[in-house]
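Visitor: Heads up: the sequence shown at position 264 corresponds to 264 in the UniProt record's numbering, and the numbers run straight through without jumps.
Dumping the structure here so I can ask a few things about it.
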Amino acid sequence: MAAYSAVATACSNNVVLGNELFTRTTHSPASTSLARECTSWRQKEIVSPPFQCSSRLRTEGLKARPESGGFLTFCSPPSAPAAVTPLVDVYDFICNGPLLSKTGHTPDSVKESFDEWIELGLRLSRNLGFNELFLSPSEKIRIYHYYLPVFMWCKRQLTLHESQYKESEEIPALVIGITAPQGCGKSTLVYSLDYLFNSTGRRAISVSIDDFYLTGAEQEKLASENPGNTLLELRGNAGSHDLELGTQTLEALRNLSSEGRKVKVPRYDKSARSGRGDRAHPSFWSETEGPLKVLLFEGWMLGFSPVGTETYEAVDPQLEKVNANLAPYHDAWDKYVDSWIVIKVHNLDAVYNWRLQAEIGMRLTGRPSMTDEEVKDFVSRYIPAYKAYLPGLYASGPKNAVPGRILQFDIDDDRNPIG
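In structure tokens form, the structure reads like this:
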């Protein structure tokens, strides 16, 4: 693929010449049936019914640089006004993103790698099921203000990680820890990073702390040992994970640096036991093969550290046992993380709303889902931990975080980054 260097597009008889696009309209029946107007990438959001570009849509070989005078144009109904978005508008949109400087980018660095931004943006848009030629405002933000800047940061982290080893040494996988509350879009971000790494030739795999929940029987035992403690009645809080299984898996994946070696990754079936969940049988575990470059490790409570008695008692006295259970998580799991991504959510009411939206979506597709009351009960079991541990995480970062190896940013109620 020519890295979408040929992004400048001419519709029908449109011809790109220098910095201007001239439209030569012909009125023969044949040409009229193929003609399409072009609409701005930022101006036209939705077209109904969708139109496909004709076979006469041509791509001119312009370099995808904002200063090249190239255009990014999209087909639309003939009734739409003719408009063209220069690539400089795409460039400006990227440079105005709230994460640009946080991820170590500048307008000059974006300009230098603009081909890559455009190619990966189009590729990821298609992979996520977006119409890459008609991105909605929220989709544009997700691609060019969120997923791509974070990926570019992660890619730099990989370069930094690999530079610490000699050429003759086996290089362990870079472990990137992604911590964020449920429902905030963490899974889609991780999916996007996984896709972008693998599609650019860097073997990556994602693992969640959910994969290391106790078995159903072990969870029942934990609940019986803590009668009346609603925070440990079901899976979720510290103490409901198999730390040893997680440690063994992280260690094996991190050192999966040789070709031909394979590791089985545990999976958890949340639909088992009428929704109470259980670890999937090993025959259903996924298997990954080396060499592995990147391990994306995500979870809602990664990086949490125990707090003092006064702190947790002021939130919920039931946290006493959870707080004690949390202590060994750092040595078991967090210590493996080389680079951290901390997604901050300050409005905890949004967590409930996000979960409710997800369950409603499942209902609409005919999949098993929780009722509104069940969602409220489910989320309420996590809120005390958020209130107790998020302030410390947001103020100081994870315990082992190193300057230059941590990316922190806030998101709004629409799950979009705000810096």
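Heads up, the beta-carbon is just placed ideally off N, CA and C, and yes, glycines get one too.
These figures come from a predicted structure and were not determined experimentally.
1. Quick check: the Cα distance between Tyr352 and Leu390, rounded to an integer number of angstroms?
2. Short of 6 Å in beta carbon distance, which residues of its chain neighbour Lys387, apart from the five on each side in sequence? Order them along the chain.
3. Just to confirm the assignment, what range does the beta strand (DSSP E) spanning Ile176 have?
4. Could you tell me the alpha carbon to alpha carbon distance between Leu193 and Ala280, rounded to whole angstroms?
5. What do you get for Arg415, buried or exposed, if any count of 16 or more other CB atoms within 10 angstroms of its CB means buried?
6. I'd like to know whether the C-beta atoms of Trp153 and Thr103 end up nearer to each other than 7 Å.
7. Based on DSSP bridge pairs, tell me the residues matched to Glu298.
8. Since Val342 sits in a beta bridge, which residues does DSSP pair it with?
9. Tell me which same chain residues have a C-beta within less than 7 Å of the C-beta of Arg267, skipping the five on either side of it?
10. For Ala173 and Gly290, I'd like the C-alpha separation in whole angstroms.
11. Skipping 5 residues on each side, what residues in its chain have a beta carbon closer than 7 Å to that of Ser79?
12. Please name the residue or residues paired with Tyr382 in a DSSP beta bridge.
13. When DSSP builds the beta bridges, which residues end up paired with Leu286?
14. First and last residue of the alpha helix (DSSP H) that includes Asn198?
15. Is Glu298 close to the ligand SAM? I mean its beta-carbon at under 6 Å from any heavy atom of the ligand.
16. Check Asp92 in the structure and name its three-state DSSP category.
17. Is the segment 147-165 in contact with the segment 260-278, if contact means three or more CB pairs nearer than 8 Å?
18. I think Gly397 touches Val337, with their Cβ atoms under 8 Å apart; what is that distance to the nearest whole Å?
19. Between the C-alpha atoms of Asn255 and Thr249, what's the straight-line distance to the nearest angstrom?
20. Buried or exposed: Asn14, going by 16 or more other Cβ atoms within 10 Å of its Cβ?
21. I need the DSSP call for Arg235, collapsed to helix, strand or coil.
22. Grab the span of the alpha helix (DSSP H) containing Asn323 for me, first residue to last.
23. Taking the alpha-carbon positions, what's the Gly239 to Pro306 distance?
24. Give the straight-line distance between the Cα atoms of Ala395 and His145, rounded to the nearest whole angstrom.
25. For chain B, find out if any of its Cβ atoms is closer than 7 Å to the Cβ of Asp210; answer yes or no.
26. Kindly indicate which residue of Met301, Gly299, Leu292, Leu319 has the alpha-carbon position closest to the one of Gly308.
27. Out of Ile360, Gly366, Leu222, Ser199, which one is the CA nearest neighbour of Glu374?
28. Report the residue from Arg367, Lys270, Ser339, Gly392 whose alpha carbon sits nearest the alpha carbon of Thr311.
29. For the alpha helix (DSSP H) containing Trp333, name the first residue and the last one.
30. Are three or more beta carbon pairs between the segment 230-247 and the segment 162-178 nearer than 8 Å?
31. Taking its Cβ as the centre, do 16 or more other Cβ atoms sit within 10 Å of Gly228, making it buried, or is it exposed?
32. Taking DSSP's pairing of strands, which residues face Pro417 in a bridge?
33. Under 8 Å Cβ to Cβ from Ser258, same chain only, skipping five residues before and after it: list those, please.
34. Which of the three DSSP states, helix, strand or coil, is assigned to Arg363?
35. Can the beta-carbon of Gly303 be found less than 7 Å from the beta-carbon of Thr179?
36. If contacts are defined as beta-carbon pairs under 8 Å, then Ala272 and Gly216 qualify, I think. What distance do you get, rounded to the angstrom?
Guide: On the basis of the coordinates in this document:
1. Within the sequence shown, numbered from 1, the residue matching residue 352 stands at position 352. Within the sequence shown, numbered from 1, the residue matching residue 390 stands at position 390. Cα to Cα, the separation comes out at about 16 Å.
2. Sequence index remark: in the sequence shown, residue 387 carries index 387 (1-based). Excluding sequence neighbours, Lys387 sits near Val315.
3. Taking the first residue of the sequence shown as 1, we reach residue 176 at position 176. 174-179 is the extent of the beta strand (DSSP E) around Ile176.
4. Stepping through the sequence shown from its first residue, residue 193 is reached at position 193. Stepping through the sequence shown from its first residue, residue 280 is reached at position 280. Distance between the alpha carbons of Leu193 and Ala280: 25 Å.
5. Start at 1 with the first residue of the sequence shown, and residue 415 comes out as number 415. Classification of Arg415: buried, given that the 10 Å Cβ count is 16 or more.
6. Residue 153 sits at position 153 when you count from the first residue of the sequence shown. Residue 103 sits at position 103 when you count from the first residue of the sequence shown. Yes; because the gap between Cβ atoms is below 7 Å, this pair is in contact.
7. Translated into the one-based positions of the sequence shown, residue 298 becomes position 298. Beta-bridge pairing links Glu298 to Ile178, Ser208.
8. Position 342 of the sequence shown, counting from 1, holds the residue named residue 342. Thr179, Gln408, per the DSSP bridge assignment.
9. Your numbering for residue 267 matches position 267 in the sequence shown. The answer, listed in chain order, is Asp211, Ala280, Phe284, Trp285, Ser286.
10. In the sequence shown, residue 173 corresponds to position 173, counting from 1. In the sequence shown, residue 290 corresponds to position 290, counting from 1. Approximately 10 Å, taken between the alpha carbons.
11. Taking the sequence shown and counting its residues from 1, the one referred to as residue 79 is at position 79. With a pLDDT of 44 at Ser79, under the threshold of 50, the predicted position of this residue should be treated as unreliable, though the coordinate-derived value follows. Within the same chain, Ser79 has no close Cβ partners at all.
12. What you label residue 382 is simply residue 382 of the sequence shown in a count that begins at 1. DSSP output for Tyr382 lists no bridge partner at all.
13. In the sequence shown, counting from the first residue as 1, residue 286 sits at position 286. At residue 286 the sequence reads Ser, which differs from the Leu that was named. Paired residues: Val265.
14. On the sequence shown, position 198 is the one that residue 198 refers to. Here the alpha helix (DSSP H) through Asn198 covers 186-199.
15. Questions concerning the ligand SAM fall outside what the structure shown contains, since it holds no ligand whatsoever.
16. As a position in the sequence shown, residue 92 is number 92, starting the count at 1. In this structure, Asp92 counts as helix in the three-state DSSP scheme.
17. no
18. To locate residue 397, count along the sequence shown from 1; it is residue 397. To locate residue 337, count along the sequence shown from 1; it is residue 337. About 11 Å separates the two Cβ atoms, so there is no contact after all.
19. Position 255 of the sequence shown, counted from the first residue, corresponds to residue 255. Position 249 of the sequence shown, counted from the first residue, corresponds to residue 249. Near 10 Å, if we compare the C-alpha coordinates of Thr249 and Asn255.
20. Looking up residue 14 in the sequence shown gives position 14. Legend: pLDDT at Asn14 = 32, less than 50; position of this residue unreliable, value from coordinates given subsequently. Burial call: buried.
21. In the sequence shown, residue 235 corresponds to position 235, counting from 1. Coil.
22. Taking the first residue of the sequence shown as 1, we reach residue 323 at position 323. Per DSSP, Asn323 belongs to the alpha helix (DSSP H) from 319-326.
23. Position 239 of the sequence shown, counted from the first residue, corresponds to residue 239. Position 306 of the sequence shown, counted from the first residue, corresponds to residue 306. Rounded to the nearest angstrom, the two C-alpha atoms are 13 Å apart.
24. The residue you call residue 395 lines up with position 395 of the sequence shown. The residue you call residue 145 lines up with position 145 of the sequence shown. Looking at the two C-alpha atoms, the distance is approximately 24 Å.
25. Judged by its chain identifiers, the structure shown contains no chain B, having just a single protein chain.
26. Locating residue 308 in the sequence shown gives position 308, where the first residue counts as 1. For Gly308, the nearest C-alpha among the options comes from Leu319.
27. Numbered from its first residue, the sequence shown carries residue 374 at position 374. Ranking Ile360, Gly366, Leu222, Ser199 by Cα distance to Glu374 puts Ile360 first.
28. Position 311 of the sequence shown holds residue 311. Of the candidates Arg367, Lys270, Ser339, Gly392, the one whose C-alpha sits nearest the C-alpha of Thr311 is Gly392.
29. Taking the sequence shown and counting its residues from 1, the one referred to as residue 333 is at position 333. Where Trp333 is concerned, there is no enclosing alpha helix (DSSP H), given that its DSSP letter is neither H nor E.
30. no
31. As a first step, residue 228 is located in the sequence shown; it is residue number 228 there, counting from the start. Gly228 is exposed by the Cβ-count criterion.
32. To locate residue 417, count along the sequence shown from 1; it is residue 417. Ile411, per the DSSP bridge assignment.
33. Sequence index remark: in the sequence shown, residue 258 carries index 258 (1-based). Answer for Ser258: Glu170, Gly290, Pro291, listed in chain order.
34. Within the sequence shown, the letter at position 363 stands for residue 363. It is helical.
35. By one-based count along the sequence shown, residue 303 stands at place 303. By one-based count along the sequence shown, residue 179 stands at place 179. Yes, these two residues count as a Cβ contact at 7 Å.
36. Position 272 of the sequence shown, counting from 1, holds the residue named residue 272. Position 216 of the sequence shown, counting from 1, holds the residue named residue 216. Confirmed, Cβ separation roughly 7 Å.
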